[in-house]
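As structure tokens, the structure follows; a few thoughts come after it.
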Amino acid sequence: MSVRCTQCGASTTWDDDVGSAVCTSCGSLVDPSQSVLTSSLYGHQNDTSEPSLWDSSASTTLKSFRVGNNWDLAGQGKESRDRKNAVSTLAMLLTNPQLFGFQSHPLSLRSPCPTITYAMVEFIKSLAVSFNAPGLSPRAINLFNQVKAASNFRWGQKSRSVAAACLSIALRESNRPDSLRDIASVLNVPPTSVIREFTYISSTLNLTSSLIDPSVHISTLQAHITSVLKEQHREPRLPDILVKSLRTLCLRSVANTATSLSEVLARVSPDHDVLRLPVAPTACGIFLLALEAENRAVMNPLGDLAQCLGTRCHVSKAVVMARYKTIQDEVASWVEKVPWLDKYDSKKGRAKVPKRLVVARGLKDVIQFQEDIWQQQPMPSLELELTEDERKEDQCQSSQSLELASHPPKRRKLNHAVAQATQFLLNPLGTPVTISSNQKNLPSTASSYLPLATYILTNPSTSVTYKPPTRLQLLALDRGGVQENQIPDDELFAEGEFESLLRGADEVQMLRNLFGWKEGEDQSEADKTLATKRKRKTKSEEDALAEDDDIIRGTALSPRKKSRLNMEALAQFMDGHNDDDLFQVGGLDSSLMGLEEVIHSSDVDINDAPYDNFSMDDNVSITVQTPPPTRRRRSNMMRNTEEVDADEEVVIDGWRPPTPDHRAAYSRYEEEYD
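In our numbering, the protein residues as written are 756 to 1429.
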């Protein structure tokens, strides 16, 4: 099972050349500490034409060079024997040069020796393989031979430095600027010697090295920061406050910002001096700016972080900080061109906002602003001078392309009824039968192939036996709905079904004779009777509403309040006006307390027994009966009252409301405020 990448989480694949698993998305190594062990006896590469001391592609199968049954094992051929003899001779030459007539070490000589030249070729091949660039060995060997011919330098350590410089030039030409210090460490030579030879070869052969994008080192710096955060017990160790800030950042986003900044720097300021300086310190400075841009604030202490990044690229902290400040000044000049960003304004050598903070807050906006400007630039148009025949042919091709674009091929309409039926049979209850758009306009007999089967499979067996499907149910399953646009009115009944529901002439005559209807009786009389009943019902409802409205509204002396009392009679009673009108021939005025219905009612229940009696100055007594709790309890509060003599005097001043008996079903407070 492949290991997931620690940077982006993508899958990885094993690469034998680097001795580690490589991410298929970002190219990061799962274990960057692995190294590939090589030697001068490394095998011959197929992309080179030079011979090799050990050819791994040579045939190792058994073969017979002689007549008979004598077979040679692997390694017993003539080519293998010559290869072994060459290696042995070279080893003896390096260990005992006196056996071959040399008074001193052969590598210290200026005169060319075929054996020594052959050994240097193998040495350069092995060095290229160790940097996973075997295809660049021919270019490095060619540069080495040109330098050897131009300046007859000594064999020995100088030749090793020249070989390292030649390989570095080949790597830079292929846009792989491997550090000179890395090559020097592999060869165990001083880095200054390799750098000196690199400059000498470039000037001698008049080579112009192309500018290298600093983004090639961003992935290396990202992996280095990740390993430092994971292994804090190892040197170089960062301060705790810096580690805490770095752990909150997304290093993948930091790498993307650094890559974008390097691209914008090369596009906006192609003549800047920082692009002609060594690339590794420039990449460290760009990565520091990207870290602060992701943090939206300055990162302190910055010197320790610069030293940590410089350790990986074999540069000092001072060089990294110098590149950081140079690129920071360039980005600050870009910030001035963005309208919505804060500007760096220094007065008398001081500023309210430091330049580092201004650049950290506006770096991402500056990159996006420059990208938008780049995308809005018009693309160059190509105009060719064509002959008359070529112009006509071009016009014909353009017209044909326009016709093809204006009339795209029609998509073939496929009938998915078989697929729908298959899915329906697999899951009848969970898969609805859908009708395609080209089948909705067809008649009901051709729009679906399984209307009856759909109903049988989706309904219980009992309903199929005792209740056959109706036409509306079949149409609903057939059309996928019961809307008017899906099932028109003329399709609700089958042909002749509606006429079969109407009564025939014989049946109508039989019903007339049965109910006594006259022949030719107009229906208008029945309609008139029905209209009269409706008018009466409407009038009675209006009267009831008016009566309820009078009770609810009351008078000007009474607020809008629902009450069981006749408020007009109560107002006259309380004012003391028209006292003579309070008593009539039949006794007390029936309008008082809303008792007119009780007095004039002739169907009083004889079995109703009075509950309470109260007297008025021992001369007038009114019996109030509480009705049983029925539906019309509120409208019939008092069922009966005694007659009062009109000649007797009634004293109102000493009267007070009686206390209801506990035997009553409800009290007068409930009657009043219900």
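By construction, the Cβ of each residue, glycine as well, lies at the ideal position given by its N, Cα and C atoms.
Relative to the C-alpha of residue i, which residue among the options is closest?
{"i": "leucine 984", "options": "Ser974, Leu1001, Met1322, Leu976", "result": "Leu1001"}
{"i": "threonine 1014", "options": "Phe899, Ser1024, Leu1044, Thr1003", "result": "Leu1044"}
{"i": "lysine 913", "options": "Leu942, Val971, Ser957", "result": "Leu942"}
{"i": "valine 1086", "options": "Gln1123, Leu1060, Pro1056", "result": "Gln1123"}
{"i": "arginine 992", "options": "Glu1091, Gln1062, Ala918", "result": "Gln1062"}
{"i": "arginine 927", "options": "Phe886, Ala904, Leu784, Lys1098", "result": "Phe886"}
{"i": "leucine 898", "options": "Ser958, Lys1119, Met1265", "result": "Ser958"}
{"i": "arginine 1078", "options": "Val1029, Gly1235, Ala904, Ala1249", "result": "Val1029"}
{"i": "lysine 1119", "options": "Asn1050, Ser1154, Glu1252", "result": "Asn1050"}
{"i": "leucine 922", "options": "Pro1243, Ser906, Val884", "result": "Val884"}
State the Cα-Cα distance for the pair residue i and residue j, rounded to the nearest angstrom.
{"i": "asparagine 1240", "j": "leucine 1227", "result": "14 Å"}
{"i": "alanine 895", "j": "leucine 997", "result": "43 Å"}
{"i": "glutamine 1083", "j": "valine 1074", "result": "14 Å"}
{"i": "leucine 1152", "j": "glutamate 1145", "result": "According to the sequence shown, residue 1152 is glutamine rather than leucine. Approximately 11 Å, taken between the alpha carbons."}
{"i": "proline 889", "j": "histidine 1171", "result": "58 Å"}
{"i": "leucine 935", "j": "leucine 882", "result": "13 Å"}
{"i": "isoleucine 973", "j": "histidine 979", "result": "10 Å"}
{"i": "glutamine 1132", "j": "lysine 1098", "result": "26 Å"}
{"i": "proline 1033", "j": "leucine 1016", "result": "17 Å"}
{"i": "lysine 1080", "j": "serine 1071", "result": "15 Å"}
{"i": "threonine 981", "j": "alanine 1174", "result": "54 Å"}
{"i": "phenylalanine 908", "j": "isoleucine 1128", "result": "53 Å"}
{"i": "serine 1008", "j": "cysteine 781", "result": "12 Å"}
{"i": "lysine 1092", "j": "lysine 1102", "result": "20 Å"}
{"i": "alanine 1035", "j": "aspartate 1149", "result": "51 Å"}
{"i": "leucine 960", "j": "isoleucine 967", "result": "20 Å"}
{"i": "leucine 1474", "j": "cysteine 763", "result": "Because residue 1474 is not part of the residues shown, which for the chain are 756 to 1429, the question remains open."}
{"i": "threonine 1003", "j": "serine 948", "result": "42 Å"}
{"i": "lysine 755", "j": "arginine 1022", "result": "Outside the modelled stretch of the chain, which goes from 756 to 1429, sits residue 755, for which no answer is possible."}
{"i": "threonine 761", "j": "serine 1154", "result": "54 Å"}
{"i": "serine 964", "j": "asparagine 1011", "result": "26 Å"}
{"i": "leucine 1252", "j": "glutamine 1238", "result": "Correcting the residue identity first, residue 1252 is glutamate in this sequence and not leucine. Roughly 21 Å between the two C-alpha positions."}
{"i": "leucine 1020", "j": "glutamate 1143", "result": "46 Å"}
{"i": "isoleucine 950", "j": "arginine 1031", "result": "15 Å"}
{"i": "glycine 1058", "j": "aspartate 1100", "result": "25 Å"}
{"i": "tryptophan 1272", "j": "leucine 1257", "result": "19 Å"}
{"i": "leucine 1137", "j": "asparagine 900", "result": "44 Å"}
Once the 5 residues before and after residue i are set aside, which same chain residues still bring their CB inside 7 Å of it?
{"i": "leucine 976", "result": "Ala1038, Cys1039, Phe1042, Leu1064, Arg1067"}
{"i": "leucine 1096", "result": "Val1090, Gly1117, Asp1120"}
{"i": "proline 946", "result": "Leu935, Arg936, Ala939"}
{"i": "valine 777", "result": "Thr767, Thr768, Asp770, Leu784"}
{"i": "serine 1024", "result": "Glu1085"}
Here's the rule I'm using: 16 or more other beta-carbon atoms within 10 Å means buried, otherwise exposed. How should residue i be labelled?
{"i": "glycine 911", "result": "exposed"}
{"i": "glutamate 1262", "result": "exposed"}
{"i": "phenylalanine 953", "result": "buried"}
{"i": "glycine 1259", "result": "exposed"}
{"i": "threonine 1225", "result": "exposed"}
{"i": "cysteine 1005", "result": "exposed"}
{"i": "threonine 779", "result": "exposed"}
{"i": "asparagine 1193", "result": "With a pLDDT of 45 at asparagine 1193, under the threshold of 50, the predicted position of this residue should be treated as unreliable, and no value is reported."}
{"i": "proline 1314", "result": "The predicted model places proline 1314 with a pLDDT of 49, which falls under 50 and marks its position as unreliable, so this point remains unresolved."}
{"i": "serine 1422", "result": "Low confidence applies to serine 1422: its pLDDT is 47, below 50, so where it sits in the model is not reliable, and the reading given next is rough at best. Serine 1422 comes out exposed."}
{"i": "aspartate 1233", "result": "buried"}
{"i": "asparagine 1321", "result": "buried"}
{"i": "proline 1060", "result": "The sequence shown places leucine at residue 1060, not proline. With 16 or more other Cβ atoms within 10 Å, it is buried."}
{"i": "phenylalanine 1270", "result": "exposed"}
{"i": "glutamine 1130", "result": "exposed"}
{"i": "methionine 1265", "result": "exposed"}
{"i": "alanine 874", "result": "buried"}
{"i": "alanine 904", "result": "exposed"}
Keeping to the same chain, check which residues put their C-beta closer than 8 Å to that of residue i; ignore five residues upstream and five downstream.
{"i": "glutamate 1053", "result": "The question names glutamate, yet the displayed sequence has valine at residue 1053. Within the same chain, valine 1053 has close Cβ partners Glu1047, Pro1109, Arg1111, Leu1112, Ala1115."}
{"i": "arginine 735", "result": "Absent from the model: residue 735. The displayed extent of the chain is 756 to 1429, so no value can be given."}
{"i": "leucine 962", "result": "Ile924, Ile956"}
{"i": "valine 1434", "result": "Outside the shown range of the chain (756 to 1429) lies residue 1434, about which nothing can therefore be said."}
{"i": "glutamate 1018", "result": "Asp968, Ser970"}
Who are the near neighbours of residue i in its chain, counting only those whose CB is closer than 6 Å to its CB and skipping five residues on each side?
{"i": "serine 775", "result": "Leu784, Val785, Asp786, Gln789"}
{"i": "lysine 880", "result": "Ser892"}
{"i": "asparagine 1196", "result": "Annotation note: pLDDT 46 at asparagine 1196 (below 50); position unreliable, coordinate value reported separately. No residues qualify anywhere along the chain."}
{"i": "proline 1243", "result": "none"}
Can a CB atom of chain D be found closer than 8 Å to the CB of residue i?
{"i": "arginine 1067", "result": "Here chain D cannot be found, since the structure has a single protein chain."}
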